[in-house]
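First up is the structure itself, then whatever we jot down about it.
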Amino acid sequence: MLARKWRTLERQRPQLRYVKWGEAVGALFILGRLVNLGSIVFGLILMVGFGLWGYSVLNRD
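Each number in our numbering comes from the position in the sequence shown (counting from 1) with 76 added on.
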């Protein structure tokens, strides 16, 4: 159910595709830190930044 709503939102606001991928990359950086191949700080910056961008995209009229 949620996936269908997200696909509809992505069709209406294509920028959300980039938000989804940015969040995933941030999560990979954080998880990569567990095996010494990432950065927690950079991952958090990516996730927060893309999250704020996604929030602003969703709140546009």
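The C-beta atom is built at its ideal place from N, Cα and C for all residues, glycine as well.
All values reported here derive from a predicted model rather than from experimental measurement.
Using the three-state DSSP reduction, which class does glycine 130 fall into: helix, strand or coil? In the sequence shown, residue 130 corresponds to position 54, counting from 1. Note: glycine 130 maps to helix in three-state DSSP.
Please look up how many angstroms separate the CB atoms of phenylalanine 105 and phenylalanine 126, rounded, as I've assumed it's under 8 Å. The sequence position of residue 105 within the sequence shown is 29, counting from 1. The sequence position of residue 126 within the sequence shown is 50, counting from 1. At roughly 12 Å, the Cβ-Cβ gap does not stay under 8 Å, so phenylalanine 105 and phenylalanine 126 are not in contact.
Helix, strand or coil: which one does DSSP assign to arginine 89? What you label residue 89 is simply residue 13 of the sequence shown in a count that begins at 1. The answer is coil: DSSP assigns arginine 89 none of H, G, I, E or B.
Burial state of valine 95 (16 or more Cβ within 10 Å): Residue numbering aside, residue 95 sits at position 19 when the sequence shown is read from its first letter. With 16 or more other Cβ atoms within 10 Å, it is buried.
Could you tell me if leucine 122 is buried or exposed, where buried requires 16 or more neighbouring beta carbons within 10 angstroms of its beta carbon? Within the sequence shown, the letter at position 46 stands for residue 122. Per the 10 Å Cβ criterion, buried.
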